[in-house]
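Working notes, structure below.
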Amino acid sequence: MSIRKTAFGAIDGKPVEAYEIEAGAIRATIITYAAALSRLIVPDAEGRPADIVLGYDDPADYVHNRGSAGAVCGRYANRIADARFTLDGETYTLSANEPPNHLHGGFSGFSKRIWQAEPDSARKALRLTLASPHGDEGYPGAVAASVTYRLAEDPALEIVMEAATDRPTVVNMAYHGYWNLAGHGSGSIRDQHLLINADRYTPVGPGKIPTGELAGVAGTAFDFRQLRPIGATIDDAGQLPETGYDHNFCLNAGEGALRLAARAVDPASRRGLEIWTNQPGVQFYTANHFATAPAAGKGGAVYRKHAGFALETQNFPNAPNVPRFPSAVLRPGEIYRHVMRIPFFIAGA
1 MSIRKTAFGA
11 IDGKPVEAYE
21 IEAGAIRATI
31 ITYAAALSRL
41 IVPDAEGRPA
51 DIVLGYDDPA
61 DYVHNRGSAG
71 AVCGRYANRI
81 ADARFTLDGE
91 TYTLSANEPP
101 NHLHGGFSGF
111 SKRIWQAEPD
121 SARKALRLTL
131 ASPHGDEGYP
141 GAVAASVTYR
151 LAEDPALEIV
161 MEAATDRPTV
171 VNMAYHGYWN
181 LAGHGSGSIR
191 DQHLLINADR
201 YTPVGPGKIP
211 TGELAGVAGT
221 AFDFRQLRPI
231 GATIDDAGQL
241 PETGYDHNFC
251 LNAGEGALRL
261 AARAVDPASR
271 RGLEIWTNQP
281 GVQFYTANHF
291 ATAPAAGKGG
301 AVYRKHAGFA
311 LETQNFPNAP
321 NVPRFPSAVL
331 RPGEIYRHVM
341 RIPFFIAGA
């Protein structure tokens, strides 16, 4: 099957393209703005297809709505405290787009740009590339970044993010998609079940910056070591002031090995997915921002608080400033390679 290319409007006069890939019963659409996965059609236990990722019909909505729906974030996804870090004795000041901190690469990070697409029909894959110059949003080094989406017959979605640099820098790219296994417009995900393969998480202080502690999840609202409803403890305002999650979990097993990060199931449709990765952490976020800023999504769906959940495999937030966290440093001659493999299944089958 060839990969189908269509126009997806324009941003500031620059065309945005959409690419559709199909493998078996799975169909994905990726747009060149933000290298975003805008649609993912997956059947349920009765064979009924549904689009299970949040997104928009108009490219302008990807620009103006908060939340980075479906986007690839970088150069450093998540937060860097006080918008600065020190590397090899030199301090670099970044854009403070979430004052006083830096979030998801800044005002014009990877999730705010149009990428170049290279379809590969034989592999049922799409590779997107982006050049980030030295000094971009304050980061040192010129970085060549790429993300490859591929559909496998399992069925599974594979996402591989890579980067190379011409001088020492920090890199932490992340796929920031929102899942709703009942269908993107079906409402709250509170009754969907989740497992996160993590005995510890990183507690946060002001501005959602990690305190540096690695805390145990046992006996807390962060204990997802067994499948349980996402909403089971989500209203515990003592532990979750936003009555929602936006926290980094420290994945079990050694860094660098592809291992299970999470498993999620919708009991009604019996759709399920797993996320496997080579990264040390995963940010679990329950789309809390839609509480104050609901958005009109695809097909007229209205996205409200808890309309989807993100599982962003990643390095830890603020790792460039916390020596005990995994290193985010990338040096010339090295390749940053972030792998996600997302198999889909029918629960109980």
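Counting along the sequence shown from 1, when you hit position 19 you're at 19 in full-length UniProt numbering, and nothing is skipped either side. In this text, a Cβ means the ideal position worked out from N, Cα and C, and glycines have one as well. This one's a predicted model, so the numbers in the text were calculated from it and none came from an experiment.
- DSSP places Ala50 in the strand class (E or B) of the three-state scheme.
- Look at Phe290 here: in three-state DSSP terms it is helix.
- Rounded to the nearest whole angstrom, the CA to CA distance from Leu214 to Asn252 is 12 Å.
- The distance from the Cβ of Tyr201 to that of Cys250 is about 6 Å, consistent with a contact at the 8 Å cut-off.
- When the five nearest sequence neighbours on each side are left out, the beta carbons in the same chain lying within less than 8 Å of the beta carbon of Tyr92 are those of Arg84, Phe85, Thr86, Gly138, Tyr139, Pro140, in order along the chain.
- Relative to Thr286, the option among Gly135, His104, Ile230, Pro267 whose CA is nearest is Ile230.
- Contact between Ala328 and Asn315 holds, with the beta-carbon distance rounding to 5 Å and staying under 8 Å.
- Taking C-beta separations shorter than 7 Å and ignoring five residues to either side along the sequence, the partners of Glu153 in its chain run Ala23, Gly24, following chain order.
- Annotation: Gly135 to Ala163 spans about 16 Å, alpha carbon to alpha carbon.
- Assignment of Glu137 by DSSP, reduced to helix, strand and coil, places it in the helix class.
- Phe110 is the residue among Ala7, Thr243, Phe110, Pro49 whose C-alpha sits nearest the C-alpha of Ala69.
- Following the DSSP letters along the chain, one finds Val265 inside the beta strand (DSSP E) bounded by residues 259-265.
- In the same chain as Gly205, and ignoring 5 residues on each side of it, the C-beta atoms closer than 7 Å to its own belong to Thr211, in chain order.
- Within 10 angstroms of the beta-carbon of Ser2 lie fewer than 16 other beta-carbons, which makes it exposed.
- Here DSSP, grouped into helix, strand and coil, assigns Arg123 to helix.
- Judged by DSSP secondary structure, Asp246 falls within the beta strand (DSSP E) whose first and last residues are 246-250.
- Residue environment analysis places Arg66 among the exposed positions, since fewer than 16 neighbouring C-beta atoms fall within 10 angstroms of its C-beta.
- About 12 Å separates the beta carbon of Val282 from that of Ala264, a gap too long to meet the 8 Å contact definition.
- In the three-state reduction of the DSSP assignment, Ser111 falls in the helix class.
- Under the Cβ criterion (8 Å, minimum of three pairs), the stretch 88-104 does not count as touching the stretch 221-239.
- In this structure, the beta-carbon distance from Ser38 to Ile26 does not fall below 8 Å.
- Shown here, Tyr56 sits in coil according to DSSP, grouped into three states, outside any helix or strand.
- The alpha-carbon of Asp191 is positioned some 44 Å away from that of Ala142.
- The Cβ-Cβ distance between Phe344 and Leu273 falls below 8 Å.
- Around the Cβ of Gln226, a 10 Å sphere holds fewer than 16 other Cβ atoms; the residue is exposed.
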